[in-house]
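Working notes, beginning with the structure itself.
2 protein chains.
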Amino acid sequence: MENETISGYLERYHLSTMFPERVQQAMQLETVAGGSRLFSQGENSNTLYLLVEGKLKVSRLSPEGKRLILAFKSPFDFVGDIEYVRKCPLINTVEAVTATTVIRIPYDVLEIEMTGNTEWLQFLLETITHKFELKSHAMNFSLLYAVDVRVASYLLAMTPDDTTLDSTSLIDMADLIGTSYRHLNRVLKQFEEHGWIVKKRGKITVTDRTSLLEQMGQNIYE
Amino acid sequence: MENETISGYLERYHLSTMFPERVQQAMQLETVAGGSRLFSQGENSNTLYLLVEGKLKVSRLSPEGKRLILAFKSPFDFVGDIEYVRKCPLINTVEAVTATTVIRIPYDVLEIEMTGNTEWLQFLLETITHKFELKSHAMNFSLLYAVDVRVASYLLAMTPDDTTLDSTSLIDMADLIGTSYRHLNRVLKQFEEHGWIVKKRGKITVTDRTSLLEQMGQNIYE
DNA sequence: ATAATAATGGGACATATGTCCTTTTGGGAA
DNA sequence: TTCCCAAAAGGACATATGTCCCATTATTAT
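Which chain is which? The protein sequence lines are A and B, in order. The first sequence: position 114 = 114 (the numbering used here), numbered continuously. Converting from the second sequence to the numbering used here requires adding 222 to each position, the first position being numbered 1.
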């Protein structure tokens with residue numbers, strides 16, 4: 001995965017043809033370590049980010065200081081697109097969970113080179129529409145189902161191949177699901193008593209996907 | 223308000239220049255009575271709706287049969303835009319709350335005439351981005367604040383000029399806020415005991431906006 | 001006016017969830 | 001090994017919210 005080039009990534013995601021040479025020239029590859037922050041809510045944004053390696057955590061602090069985790073992002077997701085369209089300050093805080101590589105695309109180049117590009121506008125439209133649907137789904141899910149269902153959904157979504165949850169801290173997990181750490185623990189303990197998972201010092205292993213799935217139904221966190 | 227023409231409405235919302243003659247020809251004005259349904263979730267969609275008079279209620283039934291009210295729409299809002307972009311079946315059910323007039327714009331005309339129109343794409347992009355932000359805000363608000371805050375917010379949002387809430391049924395209100403009818407009643411009763419509102423047979427009058435606002439802070443329902 | 005009926009309001013109770021704080025555990029320092 | 005500390009788990013209690021069902025009030029038909 002190391003030392004790939006911008007054009008390599010663009011190629012991989014079938015984006016090379018959409019961005020003209022001059023735009024590609026302006027792109028910058030940036031790699032950051034896990035834990036480092038890309039930007040914070042309230043700052044002004046001048047860059048669109050395309051995540052190409054690693055994992056990002058999007059969060060937001062409420063006026064009262066309570067943290068909500070809004071999403072985890074995986075490669076090929078865009079960040080800063082809403083702000084690009086609305087020309088507004090950054091809404092959320094984004095930090096790298098693992099070592100992460102992004103392609104930075106300055107707004108001003110996009111503005112100059114891409115504003116009249118229907119293919120690009122169409123692409124952006126689809127991207128943002130998709131985000132909207134994800135958000136809708138997440139919201140419906142939160143309003144509709146209690147914490148246990150959401151926890152199960154999260155576990156299933158986060159362990160697509162592997163059965164052991166990678167190092168998401170339980171606190172982050174609680175903040176994503178929208179509950180307290182205490183309550184998350186309670187629910188996880190129940191799951192363990194049912195024999196659906198094994199928990200050991202914060203690492204969770206899903207041992208009975210089928211039961212989890214049957215009990216819980218759908219799934220949100222992409 | 224009666225007997226306005228399509229071009230009259232387009233004029234009013236500064237949309238006449240964006241839509242070429244041929245597209246405007248294909249538009250249809252439709253007026254429906256309060257309570258009637260425009261379409262239901264799961265159906266196929268072939269029309270974009272521009273709401274120009276009245277009020278629409280957007281709702282969704284969960285697989286378990288629980289109803290969520292997702293939004294109330296007021297003039298100049300679009301409905302069916304997400305489905306247009308994603309070319310997918312209708313996600314939600316939309317019905318008129320009051321007598322309502324919409325402009326129907328068939329997808330196929332848009333497809334043929336507008337796909338390459340950057341102004342239109344830009345416009346759609348902004349519309350949907352705005353929807354995304356509204357949804358985000360609503361979701362954060364739901365996750366962050368308890369029912370009483372949401373109720374206060376709703377009351378404030380729904381009585382911008384008038385102090386008496388128009389005839390939203392309390393059941394709809396509960397479904398929009400995402401709580402049970404019973405609990406909504408409880409909260410409203412508290413508000414009444416505080417002297418912030420007066421409730422009489424389902425009609426609510428806000429008597430102390432300031433206190434409501436102070437107690438509750440922000441606001442979502444547009 | 002009176003009775004029947006539907007809409008509204010509320011009591012009682014169970015459960016889900018949050019907050020605060022204590023206990024337990026595992027791992028490293030001495 | 002033993003002790004100490006931070007991370008993790010859990011106990012106790014308060015509150016928020018949901019469910020079920022009954023009481024109350026308005027509305028309509030007779």
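Here a beta-carbon is modelled for each residue, glycine too, at the ideal position from N, C-alpha and C.
At a Cβ-Cβ threshold of 8 angstroms, Phe-132 of chain A and Lys-357 of chain B count as neighbours. Look at the beta carbons and you see the stretch 80-87 of chain A not touching the stretch 20-35 of chain A: under three pairs across the two are nearer than 8 angstroms.
Contact with chain B is found for Leu-125 of chain A, since one of that chain's Cβ atoms lies less than 8 angstroms from the residue's Cβ.
The stretch 316-327 of chain B makes contact with the stretch 269-277 of chain B; the number of CB pairs closer than 8 angstroms reaches 3 or more. Exclusion of the five residues before and after Ile-313 of chain B leaves Gln-263, Arg-282, Ile-304, Glu-305 as the residues of its chain whose Cβ lies within less than 8 angstroms of its Cβ. In this structure, Leu-366 of chain B sits away from Leu-48 of chain A, with a CB-CB distance that is not shorter than 8 angstroms. At a C-beta separation below 8 angstroms, Arg-86 of chain A has these neighbours in chain B: Glu-348, Thr-351, His-352, Glu-355. Listed in chain order, the beta strand (DSSP E) elements of length 3 or more contained wholly in the stretch 229-261 of chain B are 250-254, 259-261.
Assignment of alpha helix (DSSP H) within the stretch 368-436 of chain B, counting only whole runs of 4 or more residues, yields 369-380, 392-399, 403-416 in chain order. Those residues of the stretch 277-289 of chain B placed with their C-beta closer than 9 angstroms to a C-beta in chain A are Arg-282, Ser-284, Pro-285, Glu-286, Lys-288, ordered along the chain.
Of all C-beta pairs linking the stretch 168-179 of chain A to the stretch 391-407 of chain B, fewer than three are shorter than 8 angstroms, placing the two stretches out of contact. Excluding residues up to 5 positions away in sequence, nothing lies with its Cβ nearer than 7 angstroms to the Cβ of Asn-339 of chain B in the same chain. Glu-265 of chain B and Leu-343 of chain B have their alpha carbons spaced roughly 25 angstroms apart. The DSSP assignment places complete alpha helix (DSSP H) segments of no fewer than 4 residues inside the stretch 83-150 of chain A at 107-114, 118-144, in order along the chain. Counting along the chain, Ser-45 of chain A sits inside no beta strand (DSSP E), nor does DSSP assign it H or E at all. Within the model, the alpha-carbon separation for Asp-370 of chain B versus Ile-6 of chain A is close to 50 angstroms. The Cβ-Cβ distance between Leu-387 of chain B and Lys-411 of chain B does not fall below 8 angstroms. Of the other Cβ atoms in all chains shown, fewer than 16 fall within 10 Å of the Cβ of Ala-368 of chain B; this residue is therefore exposed.
By DSSP's assignment, Val-52 of chain A forms no beta bridge with any residue.
Taking a beta-carbon distance threshold of 8 angstroms, Gly-400 of chain B counts as an interface residue toward chain A.
About 13 angstroms separates the CB atoms of Ile-419 of chain B and Thr-432 of chain B; that is not less than 8 angstroms, and the two are not in contact. Within the same chain, Cβ atoms closer than 8 angstroms to the Cβ of Arg-22 of chain A are found at Val-109, Glu-113, the five residues on either side in sequence being excluded. Residue nearest to Ile-399 of chain B within the set B:Gly-417, B:Glu-415, B:Asp-384, B:Ala-379 is B:Ala-379 (criterion: CA-CA distance). Taking 8 angstroms as the cut-off, the beta carbon of Thr-127 of chain A is found closer than this to the beta carbon of Phe-78 of chain A. Counting the other CB atoms within 10 Å of its CB gives Asn-268 of chain B a total below 16, which places it among the exposed residues.
For Lys-66 of chain A, the closest alpha carbon among the candidates A:Thr-179, A:Tyr-9, A:Ile-105 is that of A:Thr-179.
Against chain B, a Cβ distance below 8 angstroms from Ser-142 of chain A picks out Met-361, Ser-364, Leu-365. According to DSSP, residue pairing for Phe-78 of chain A in a beta bridge involves A:Leu-50. In terms of CA proximity to Val-102 of chain A, A:Gly-80 leads the group A:Pro-89, A:Gly-80, A:Leu-155, A:Glu-119. Looking from the CA of Ala-152 of chain A, the closest CA among A:Glu-193, A:Glu-111, A:Glu-214, A:Ile-105 belongs to A:Glu-214.
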